[in-house]
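Student: In this text, residue positions in the sequence shown follow my numbering: the first is 61, and each later residue adds one.
Sharing a structure, written as structure tokens. Questions coming.
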Amino acid sequence: MAVQFGLAMRNFVGPGETPDVDELLAYAQRAEELGFESLWVWDHMLLGVEPAFPVLDALSILIAIAARTTRIKLGTGVLVLPLRNPVVTAKTLTSLDQISKGRLILGAAAGWYAREFDAVGVEFKRRGRI
Numbered sequence: 061m062a063v064q065f066g067l068a069m070r071n072f073v074g075p076g077e078t079p080d081v082d083e084l085l086a087y088a089q090r091a092e093e094l095g096f097e098s099l100w101v102w103d104h105m106l107l108g109v110e111p112a113f114p115v116l117d118a119l120s121i122l123i124a125i126a127a128r129t130t131r132i133k134l135g136t137g138v139l140v141l142p143l144r145n146p147v148v149t150a151k152t153l154t155s156l157d158q159i160s161k162g163r164l165i166l167g168a169a170a171g172w173y174a175r176e177f178d179a180v181g182v183e184f185k186r187r188g189r190i
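Below, the structure written as structure tokens:
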């Protein structure tokens, strides 16, 4: 198997800015044109110490990218599962995989940033329990 290369894409910007969706979609299309194997986005409810730090939802931007690309694999790097409703998340992931025609790569984790758990009402100490 040959070495494969993917790119991480910033689905967030600095405080006081707004993510430019058209720019992100163009970035994804260009990555595909250049032959990258995969494109990865972060999953965060909050970033840094500023609660209003603008970050686009990982699954939402991946769905938009899936509609604009045909080959590049789409990855979550990583999806913080305890922050999300499991049934809704499973449905969204299934939809994304169907829209992308099987290009989804799921990276999943328990999370590390306690403020995100506080923001959604999930007890941080129980994040790894099933």
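Heads up, the beta-carbon is just placed ideally off N, CA and C, and yes, glycines get one too.
What you are looking at is a predicted structure, and each value in this text was computed from that prediction instead of being measured.
In whole angstroms, give me the CA-to-CA distance for VAL101 and GLY188.
Tutor: Approximately 22 angstroms between the Cα atoms of the pair.
Student: So ILE121 packs on ASN71, CB below 8 angstroms; how close in whole Å?
Tutor: Their Cβ separation, rounded to whole angstroms, is 5 angstroms, which keeps ILE121 and ASN71 in contact under 8 angstroms.
Student: What do you reckon, are the CB atoms on MET61 and LEU99 nearer than 7 angstroms?
Tutor: Contact flag unset, no.
Student: Around the Cβ of PRO146, are there at least 16 other Cβ atoms within 10 angstroms (buried) or fewer (exposed)?
Tutor: Burial call: exposed.
Student: Give the DSSP-derived three-state secondary structure of PHE72 in the structure shown.
Tutor: PHE72: strand per DSSP, three-state reduction.
Student: Tell me, please, whether the stretch 131-144 touches the stretch 169-184 by the rule of three or more beta-carbon pairs shorter than 8 angstroms.
Tutor: The stretch 131-144 vs the stretch 169-184: in contact.
Student: Report the CB separation of LEU166 from THR136 in whole angstroms; it is logged as a contact under 8 angstroms.
Tutor: At roughly 6 angstroms, the Cβ-Cβ gap stays under 8 angstroms, so LEU166 and THR136 are in contact.
Student: For TYR87, I'd like the list of residues in its chain whose CB is within less than 7 angstroms of its CB, leaving aside the five on either flank, ordered along the chain.
Tutor: Same-chain partners within the cutoff: MET69.
Student: Span of the beta strand (DSSP E) holding LEU134?
Tutor: It spans 133-136 - the beta strand (DSSP E) in which LEU134 sits, taken as one unbroken run.
Student: By DSSP's criteria, ALA169 is part of a beta bridge. Which residues make up the other side?
Tutor: Partner(s): VAL140.
Student: Enumerate in chain order the residues of its own chain whose CB-to-CB distance from ARG131 is below 8 angstroms, with the five nearest sequence positions on each side excluded.
Tutor: Excluding residues within five positions, the ones whose Cβ falls inside 8 angstroms are GLU92, ARG163.
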